[in-house]
Amino acid sequence: MIYCGIDPGKKGAISLITDVGAFGVWDMPLHDNGEIDVIELAKILKKRPNIVYIEKAQAMPKQGVSSTFNYGKGYGKVLGLLELLGLPFEEIRPTVWKKAMGLSKMPKAESVKLAGQLFHGADLKTKRGRLLDGRAEALLLAEYCCRYCDPKAFTHTVEHKPIICYR
Numbered sequence: 003m004i005y006c007g008i009d010p011g012k013k014g015a016i017s018l019i020t021d022v023g024a025f026g027v028w029d030m031p032l033h034d035n036g037e038i039d040v041i042e043l044a045k046i047l048k049k050r051p052n053i054v055y056i057e058k059a060q061a062m063p064k065q066g067v068s069s070t071f072n073y074g075k076g077y078g079k080v081l082g083l084l085e086l087l088g089l090p091f092e093e094i095r096p097t098v099w100k101k102a103m104g105l106s107k108m109p110k111a112e113s114v115k116l117a118g119q120l121f122h123g124a125d126l127k128t129k130r131g132r133l134l135d136g137r138a139e140a141l142l143l144a145e146y147c148c149r150y151c152d153p154k155a156f157t158h159t160v161e162h163k164p165i166i167c168y169r
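For the sequence shown, our numbering begins at 3 and goes up steadily by one.
Have a look at this one:
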């Protein structure tokens, strides 16, 4: 089985993990104007995940009207592409998957730490040390998907091995 996790923001990412431990993670592909590049995203998703979990869009406190609109526009593009490709998907509230992964009300740095522990070899920091939490959260969302869709995943530990990690 191939599980996909999508953190849909401009600093988000897409991850694919398999039930045998291989994984890949990609930054959200963007055009020069900052909008999501659905053609490049489609190339990633043509790897045909069995199920996609996408973090459900929600307005953030203190987020401006324009940025909220742009985020929703990008989110809609991703949902439209999933529909077009015929991929089964579920929208998951951040509070739900983070609680299940032990990350309730934790800073994003904790997501990066946990993803680093579960996905050895994942590139989760820039060369200057900035945390790439979009990648971490996409990986963790796919891991949550794997555990939720396959309860046996809770009873055994799979060593995740990188197959692809692109910037």
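We treat Cβ as the ideally placed atom computed from N, Cα and C, and that holds for glycine.
Predicted, not measured: the structure shown is a model, and the values here were computed from it.
If distances are taken between C-alpha atoms only, which option among the options comes closest to residue i?
i    : options                : result
H122 : G26, E93, K12, G74     : G26
L142 : G131, E112, T128, K127 : E112
D29  : L134, R50, C148, R149  : L134
I19  : I53, F71, L32, K100    : I53
N72  : K49, L32, E145         : L32
T97  : E85, S106, I38         : S106
E37  : A44, V22, G11          : G11
Just confirm the distance between the C-beta atoms of residue i and residue j, as a whole number of angstroms; I'd bet it's less than 8 Å.
i    : j    : result
L47  : L81  : That belief does not hold up - the Cβ atoms of L47 and L81 are roughly 12 Å apart, past 8 Å.
A126 : A140 : The sequence shown places Leu at residue 126, not Ala. Rounded, the Cβ-Cβ distance is 11 Å, inconsistent with contact.
A144 : G7   : 3 Å
In chain order, what residues of the same chain have a beta carbon less than 6 Å from the beta carbon of residue i, not counting five sequence neighbours either side?
i    : result
G136 : D9, K13, G14, A15
S17  : G7, V27, A140, L141, A144
For a test of the three-state rule: what should DSSP assign to residue i, helix, strand or coil?
i    : result
L89  : coil
S106 : coil
K79  : helix
K13  : coil
E112 : helix
L126 : coil
Can you tell me where the beta strand (DSSP E) holding residue i begins and where it ends?
i   : result
A24 : 24-29
D9  : 4-9
E57 : 53-57
Got a sec, what are the start and stop residues for the alpha helix (DSSP H) residue i sits in?
i    : result
I41  : 40-47
D135 : 135-151
Leaving out five residues before and five after residue i in sequence, what residues of the same chain have Cβ atoms less than 7 Å from its Cβ?
i    : result
E42  : P31
T128 : L134
Y77  : P10, A59
Going along the chain, which residues of its own chain have a beta-carbon closer than 8 Å to the beta-carbon of residue i, five neighbours each way excluded?
i   : result
D39 : P31, L32, H33
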